[in-house]
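See structure below.
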Amino acid sequence: MLMCKQTQPLLSMPPGGLTMAVSSHRWLKEKVAVVMGATGTGKSRLSIDPATRFPAEIVNSHKMQVYEGLDIITNKITEEEQPGAPHHHLGIAHPNVDFTASDFRDMASLSIESILGGRRLPIIVGGSNSYIDARYECCFLWVDVSRPVLHSFVSKRVDKMVGNGMVEEVEQLFYPNADYTRGIRRAIGVPELDLYFPTGFLDEEARAKVLQEAVHEIKANTCKLACRQLEGIHRLKNLRKWKIHRLDATEVFLKHDREADEAWEKLVARPSTMMVAQFLYSVGATRVATEEMVRNAALLLLCDLVGDDV
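Using this note's numbering, the first residue of the sequence shown is number 6, and each one after it goes up by one.
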């Protein structure tokens with residue numbers, strides 16, 4: 006599956022050039038964007054940005070989000086967070102089924118071919134980089150956050166998940182002596198809570214302590230997962246020599262509310278949009294894409310699609 010040719014690093018373009026470049030180029034097929042990053046860094050948000058600015062569809066590659074249920078603990082993107090961007094392979098597998106990397110590759114290949122056949126850009130997003138091997142021409146976008154900042158955010162996010170009903174959500178799936186090596190029960194947060202649910206005979210203080218220990222373990226295991234994912238990305242970048250565009254979102258996580266949104270637009274959304282524009286339309290080496298040019302590029306593509314009755 007997903008055999009990825011290497012694309013050139015981002016090049017710059019002078020003002021006014023992208024429209025001319027796009028007008029002389031038709032839609033180039035066999036191109037796929039891949040959004041990478043550790044858990045909690047904002048991969049889903051990054052995938053939405055180009056998906057709302059170009060004709061695109063999103064293919065989930067998160068091992069646990071492919072299963073039905075546990076929407077809180079697996080951090081599935083909500084319908085409200087999917088503004089006009091079709092998503093594939095979210096919550097489509099039975100919780101008890103062992104959905105393998107081979108299963109995903111087979112299913113994702115069909116979806117990608119279908120998306121490409123509709124003259125749209127497939128955007129693969131998720132933390133499971135083991136699903137990505139090497140076929141289409143790919144643009145790799147890596148949203149990164151410094152480890153101390155990310156670990157602090159992950160800890161707070163787990164607390165927020167608990168407040169949103171994570172424990173109650175997992176309890177609905179609980180039964181004694183469950184197999185935590187198969188299906189959705191492998192998700193971080195499910196096995197850690199295994200010792201909490203049979204504690205009904207304990208007093209309130211003792212139960213609270215067991216829960217506190219389980220939540221602490223969930224935080225620690227999530228941080229370990231983030232480290233493994235980062236190591237995997239570095240391995241792809243350094244050993245396989247994949248040309249991966251790193252987008253540093255650390256500053257976003259150090260700000261709040263409007264300032265955080267502005268930092269995201271400046272440091273992540275806008276640069277990634279320019280990268281995708283250049284990737285799709287093969288813009289020249291000495292030009293700088295502007296937002297207006299990106300809009301023009303998208304309009305030209307839409308006109309192209311309408312003209313071909315796609």
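All C-beta atoms, glycine included, are put in the ideal place defined by N, C-alpha and C.
Whether residue i touches residue j by CB criterion (8 angstroms)
| i | j | result |
| --- | --- | --- |
| Val159 | Thr227 | yes |
| Ala231 | Leu155 | yes |
| Lys229 | Gly131 | no |
| Pro88 | Val281 | no |
| Ala43 | Val71 | no |
| Val58 | Thr278 | Before going further, note that residue 58 is Arg rather than Val in the sequence given. Cβ distance < 8 angstroms, so Arg58 and Thr278 count as in contact. |
| Val195 | Ile78 | yes |
| Glu197 | Ile223 | yes |
Where residue i sits in the DSSP three-state scheme
| i | result |
| --- | --- |
| Lys260 | coil |
| Arg251 | strand |
| Ala56 | helix |
| Arg31 | Its pLDDT being 44, under 50, Arg31 is placed unreliably in this model, and the value from its coordinates should be taken loosely. Coil. |
| Leu146 | strand |
| Ala43 | coil |
| Val293 | At Val293 the pLDDT is 42, less than 50, meaning the model places this residue with poor confidence; the figure from the coordinates comes in the next sentence. Correct three-state label for Val293: coil. |
| Leu244 | coil |
Candidates the options: closest to residue i by CA position
| i | options | result |
| --- | --- | --- |
| Gly96 | His239, Arg125, Gly188 | Gly188 |
| Tyr185 | Asp103, Arg275, Gln283, Ile238 | Asp103 |
| His93 | Thr79, Val273, Ile120 | Ile120 |
| Gly122 | His67, Val167, Lys36 | Lys36 |
| Ala225 | Asn243, Ser114, Ile193 | Ile193 |
| Leu75 | Ile238, Phe284, Gln177 | Gln177 |
| Val172 | Leu155, Arg140, Ala219, Ser114 | Ala219 |
| Ala90 | Ser116, Tyr180, Ile53, His239 | Ile53 |
| Glu85 | Trp247, Arg50, Ile117 | Arg50 |
| Ala38 | Cys143, Val215, Ala106 | Cys143 |
| Tyr180 | Gln234, Asp111, Asn101, Leu115 | Asn101 |
| Val175 | Glu236, Arg191, Ser107 | Arg191 |
### Query
Hey, which unbroken runs of the beta strand (DSSP E) at 3 residues or more fall wholly within the region 63–144?
Listed in chain order, the beta strand (DSSP E) elements of length 3 or more contained wholly in the region 63–144 are 126–130.
### Message
As an exercise, report each continuous alpha helix (DSSP H) stretch of at least 4 residues that is fully enclosed by the region 163–226, in chain order.
### Response
Counting only runs of 4+ residues, the alpha helix (DSSP H) found wholly inside the region 163–226 occupies 171–176, in chain order.
### Task
Could you say if the region 148–156 and the region 254–270 meet the contact criterion of at least three C-beta pairs nearer than 8 angstroms?
Segments in contact, yes.
### Message
Three Cβ pairs or more, each shorter than 8 angstroms: is that satisfied between the region 45–64 and the region 120–127?
### Response
In short, these stretches touch, since the Cβ pair count reaches three.
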